[in-house]
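S.K.: Mind looking over this structure? Questions follow.
If you want it as structure tokens, here you go:
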């Protein structure tokens, strides 16, 4: 059995109240500098698991141990640039997806891809962009177009935001979803131009209605006909337009260039990524965001931006630790990855939809709101039931996830030691010591009692752990 | 507790099934030379289900004969399994048993089960298995072997002896794991899933015959119906079974689905009225024939389900139509006019889907009343056919290859009604095209070609602008067609199947066939063709399995191969259901392909 953690507490509890740490974190130079462990901020299982919750969808026990042994910066490096042949893996899954005649099957293949990918950060970011460039299949009604939409997001998820935006503006699924599948000179369609400025780049209040109208003129001539993007030159308004202070006979490409030149675009995206990767409970100060936004605006290199965030002192600080509510995909995949199984993703996609995250069907142009919106009495009960179903020996996920053999594989010999392992795997040091002790006592008390086999005891323990409030936090 | 020295754990749980069948064959018994009564006399009277294989050898000859064995060992699934350690372990065990018992496995199995096998399910979840061997010595030797194996397995694992025995009157009862219990009485092996079950059997030996299942009049009637030549018989006491919530719901609820009400008419009603279900398996010229009968009365002429009852003595379904690459076919005797006229009784819950259907029919048939002016135009002959498609290379091949399917009606006044149907059909195609057009999707093009002097209508998607014709969309599985040869009306998902059906119906019109009197439903499945379409869609099925079950690709392939292998073993199956002397009768014929 591998490294055990000191208990209690973890970074969320020990350093949180430290005023010196808080002061340092407000300084962008220190906040974005690469984290180096020291006595007050040790590299431990809690931080390793934090990295995998944010930059992946959780991790196996073996992977956590490897990450601990690698140290923080090499571990981040592995997540950013894994040695495995991700391209070959994605080619194989792209081929699998071509057999999916309906979007339901695409949802299932994506979840399976997330479970098995050698590059989980790429899928994590694809999920982020899927909410940012929200496109709902219910309106698109074409599985192939939706497949290409997600492929586009995946292909650029860690590359260039500029390329992604250029791809999105030519993406038939996006145009169909926004009702922008026919934009004529006589009647420019404003919906893409508005969404581009409001949601994809600048953010609310940073453009005028006139900017939208003029940009819409620049996008005229583009149509989606029989599932294909077509440009009809005679329908393009070649006249002079004035957009965000610039004047010219602009085309769609020019509009993309102009919005990317606005400092607000980089700031909006950095803030959004900050919320995704670092913290969603507190808004970052402009001072904190500015250096990252300025750097991002130079080349819109997503990987570079994410690398800075993931390697930073801020990322490994109490300000980031367990400061996000897991979306349903993160919640379920965290269990599945941790327990090293592959489940029916057709069923999982349905269950996640019931929890509010229907892949390929973000609810609005703004994607999923996230945060506290993920949790209400219905979804909390739903998460509880899903956890139970995932661990069950019957039903749609029957025996696909079995914590007892897993615990034995990692050296546990009793339900009590299995409970310790599962606590370390899923929650690390984040439990109130009283809760921790109560859980251990319960497992100990169940051991050897009539309450069922060891397997059942460990299943029940695992369920108790993954339905604790702490597990819902990323 | 029935057995003393009850073991704590099962040592041989994985091999239990094999052991249970082969185990208790070595007990010394005082009844060795005594003739045993039929096994049914050792089964409690309140047994809910019983299955008797009275001639197991006949089945063994069929299923384990050289032809079948050659077919199985040549199959890819067998070839894949044969290299696995578990399979190797099983083969080693069989080889060991063959050597020890000085016989080959076929002969051994025949000698050990030749007297018959009886399985019974009794109240309180008790399951009994009674196996009558022909060779008592072999039975005893085998039991000893398994006792030794169980003990040495326990020793190897450092566990206490898992085998336990106890004496009950003159009989020694054994258990391997403290849960099952078994005993050998003469040539007979009795196994129960619980000690109480075995105890009940042993006590029945001394009781009067009228307390056993053999004295149950319903069982006796079922046996009599099966006849002496039956290879196997099964009997189910339906009354207790219908107390099971799931089954009760199935029989009590009004059908919500009109299609289910249409297809299963008469069958559900008859079973609901039955107290027993009897099945008899016969083997005739290599074909397995399963006859089922229930004692529930068939529905009366006043019943809402009477639309499925042949009206006159000679009435019944027509034989299924034969077309190339046929996968399955169904022939139904259903008076659609009477069916829809009784809709308020048959499915009182009017769903929005049904109302939509009626509204659309009103549009398609220009305001004609669906019951009296449309369905009344059809005769009570409904035939359905599903066949594998043959794709035109000039058009291309869809990635997922769906079977073509068609429904065939017979019209009362074809000359007047043909044109009404044609109009409705073209309206439907027009509506589809309009709806697809609203979504900027390609529509169907209508054509009216002629096939063997029959003009028919086909609607198809154009392939213009499609570059890769090897992976066409699913819509290219459909070329909906309407044809009206003679009195018949064909609605087919493809023109290819429509043409084949025109030919089949022309043949039938040239040589009229008689209906199968008193049969109201008949289904046929062609195993080879079904296996063929499964094989054609192998990759799609494997991928579907991966995401539906969370399987690895290898496991999914293995499962699908297994399914295809099993389907290949079925040459054809035919199920016909009808009435005979006021009772519902079913006949299932299964021709296995073991060549």
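Protein chains in written order, with this note's numbering: chain A, 771 to 1244; chain B, 6 to 600.
The C-beta atom is built at its ideal place from N, Cα and C for all residues, glycine as well.
Go ahead and label residue 96 (chain B) buried or exposed: buried means 16 or more other beta carbons lie within 10 angstroms of its beta carbon, across all protein chains shown.
M.R.: Burial call: exposed.
S.K.: Of all Cβ atoms in chain B, is any one closer than 9 Å to the Cβ of residue 1228 (chain A)?
M.R.: No, its Cβ sits nowhere closer than 9 Å to a Cβ of chain B.
S.K.: When DSSP labels each residue in this structure, what does residue 957 (chain A) get in the three-state scheme?
M.R.: Three-state result, residue 957 (chain A): coil.
S.K.: Could you name the residues of chain B that residue 995 (chain A) contacts, counting a contact when the two beta carbons are closer than 9 Å?
M.R.: Under the 9 Å cutoff, chain B gives 445.
S.K.: At the level of alpha carbons, what is the spacing between residue 541 (chain B) and residue 330 (chain B)?
M.R.: Cα-Cα distance, rounded: 13 Å.
S.K.: In the DSSP assignment, the alpha helix (DSSP H) including residue 208 (chain B) goes from what residue to what residue?
M.R.: Start and end: 200-209.
S.K.: Starting from residue 928 (chain A) and walking both ways along the alpha helix (DSSP H), at which residues does that stretch end?
M.R.: Where residue 928 (chain A) is concerned, there is no enclosing alpha helix (DSSP H), given that its DSSP letter is neither H nor E.
S.K.: Are the C-beta of residue 1099 (chain A) and some C-beta of chain B separated by less than 9 Å?
M.R.: Taking Cβ atoms only, chain B never reaches closer than 9 Å to residue 1099 (chain A), which makes this a no.
S.K.: Any beta carbon from chain A within less than 9 Å of residue 470 (chain B)'s own beta carbon?
M.R.: Yes, contact with chain A.
S.K.: Keeping to the same chain, check which residues put their C-beta closer than 8 Å to that of residue 936 (chain A); ignore five residues upstream and five downstream.
M.R.: Result list for residue 936 (chain A): 1023, 1026, in chain order.
S.K.: In the stretch 1012-1080 of chain A, which residue ranges form an unbroken alpha helix (DSSP H) of at least 4 residues, counting only runs that do not cross its ends?
M.R.: The qualifying runs are 1022-1031, 1033-1047, 1056-1069.
S.K.: Does the stretch 95-111 of chain B touch the stretch 125-139 of chain B, meaning 3 or more C-beta pairs lie closer than 8 Å?
M.R.: Short answer: they don't touch.
S.K.: Should the stretch 994-1008 of chain A be regarded as contacting the stretch 938-950 of chain A, the criterion being three or more beta carbon pairs within less than 8 Å?
M.R.: These segments touch.
S.K.: Comparing the C-beta of residue 1116 (chain A) with each C-beta of chain B, is any distance below 9 Å?
M.R.: Yes, residue 1116 (chain A) lies at the interface with chain B (some Cβ there is under 9 Å from its Cβ).
S.K.: Please classify residue 994 (chain A): does DSSP put it in a helix, a strand, or coil?
M.R.: Correct three-state label for residue 994 (chain A): strand.
S.K.: Quick one: what's got a C-beta closer than 6 Å to residue 792 (chain A)'s C-beta in the same chain, skipping five residues either side?
M.R.: There are no such residues.
S.K.: For residue 141 (chain B) and residue 193 (chain B), what's the separation of their Cα atoms in angstroms?
M.R.: Answer to the nearest angstrom: the Cα atoms are 8 Å apart.
S.K.: Name the chain B residues that come within less than 8 Å of residue 875 (chain A), Cβ to Cβ?
M.R.: Per Cβ cutoff of 8 Å: 549, 552.
S.K.: Quick check on DSSP: helix, strand or coil for residue 33 (chain B)?
M.R.: A caution first: residue 33 (chain B) carries a pLDDT of 37, below 50, which makes its placement in the model too unreliable to give a value.
S.K.: Going along chain B in order, which residues have a C-beta closer than 8 Å to the C-beta of residue 866 (chain A)?
M.R.: The answer, in chain order, is 548, 551.
S.K.: What does the alpha-carbon distance come out to for the pair residue 310 (chain B) and residue 351 (chain B)?
M.R.: Taking the straight line joining both Cα atoms gives about 7 Å.
S.K.: Comparing alpha-carbon positions, which option in A:1123, A:818, A:1093, A:932 lies nearest residue 1099 (chain A)?
M.R.: The candidate whose alpha carbon is nearest that of residue 1099 (chain A) is A:1123.
S.K.: Could you please give the first and the last residue of the uninterrupted beta strand (DSSP E) stretch that includes residue 385 (chain B)?
M.R.: Its beta strand (DSSP E) spans residues 383-392.
S.K.: Return the CA-CA distance between residue 556 (chain B) and residue 882 (chain A), expressed in angstroms with no decimal places.
M.R.: So the two alpha carbons sit approximately 10 Å from each other.
S.K.: Find the residues of chain B that neighbour residue 878 (chain A), judging by a C-beta separation of less than 7 Å, and give them in chain order.
M.R.: Correct list: 552.
S.K.: Here's a check: name, in chain order, each residue in its chain whose Cβ is nearer than 8 Å to the Cβ of residue 405 (chain B), leaving out the five neighbours to either side.
M.R.: So the list reads 479, 482, 542, 545, once near-sequence residues are dropped.
S.K.: Distance cutoff 9 Å, beta carbons only. Does residue 476 (chain B) sit that close to anything in chain A?
M.R.: Judged by the 9 Å Cβ criterion, residue 476 (chain B) is in contact with chain A.
S.K.: What whole-angstrom Cβ distance do residue 421 (chain B) and residue 409 (chain B) have, given they're in contact under 8 Å?
M.R.: Their Cβ separation, rounded to whole angstroms, is 29 Å, which puts residue 421 (chain B) and residue 409 (chain B) out of contact at 8 Å.
S.K.: On the three-pair Cβ rule with 8 Å, is the stretch 984-993 of chain A touching the stretch 954-971 of chain A?
M.R.: Counting Cβ pairs under 8 Å, three or more are found: they touch.
S.K.: Under a Cβ-count criterion, where at least 16 other Cβ atoms within 10 Å of its own Cβ denotes burial, should residue 244 (chain B) be classed as buried or exposed?
M.R.: Label assigned to residue 244 (chain B): exposed.
S.K.: Just by C-beta distance, which residues in the stretch 844-869 of chain A are closer than 8 Å to chain B?
M.R.: Under the 8 Å Cβ criterion, the stretch 844-869 of chain A contributes 866, 868, 869.
S.K.: Please return the same chain residues whose Cβ sits closer than 7 Å to the Cβ of residue 1020 (chain A), not counting the five positions on each side in sequence.
M.R.: Excluding sequence neighbours, residue 1020 (chain A) sits near 988, 1011, 1013.
S.K.: Using a beta-carbon distance below 9 Å, is residue 951 (chain A) in contact with chain B?
M.R.: Cβ-Cβ to chain B under 9 Å: yes for residue 951 (chain A).
S.K.: Would you mind reading off the limits of the alpha helix (DSSP H) that contains residue 363 (chain B)?
M.R.: It spans 357-369 - the alpha helix (DSSP H) in which residue 363 (chain B) sits, taken as one unbroken run.
S.K.: Determine which residues share a DSSP beta bridge with residue 122 (chain B) and list them.
M.R.: Per DSSP, B:58, B:136.
S.K.: Is the beta carbon of residue 547 (chain B) sitting closer than 9 Å to the one on residue 332 (chain B)?
M.R.: No; because the gap between Cβ atoms is not below 9 Å, this pair is not in contact.
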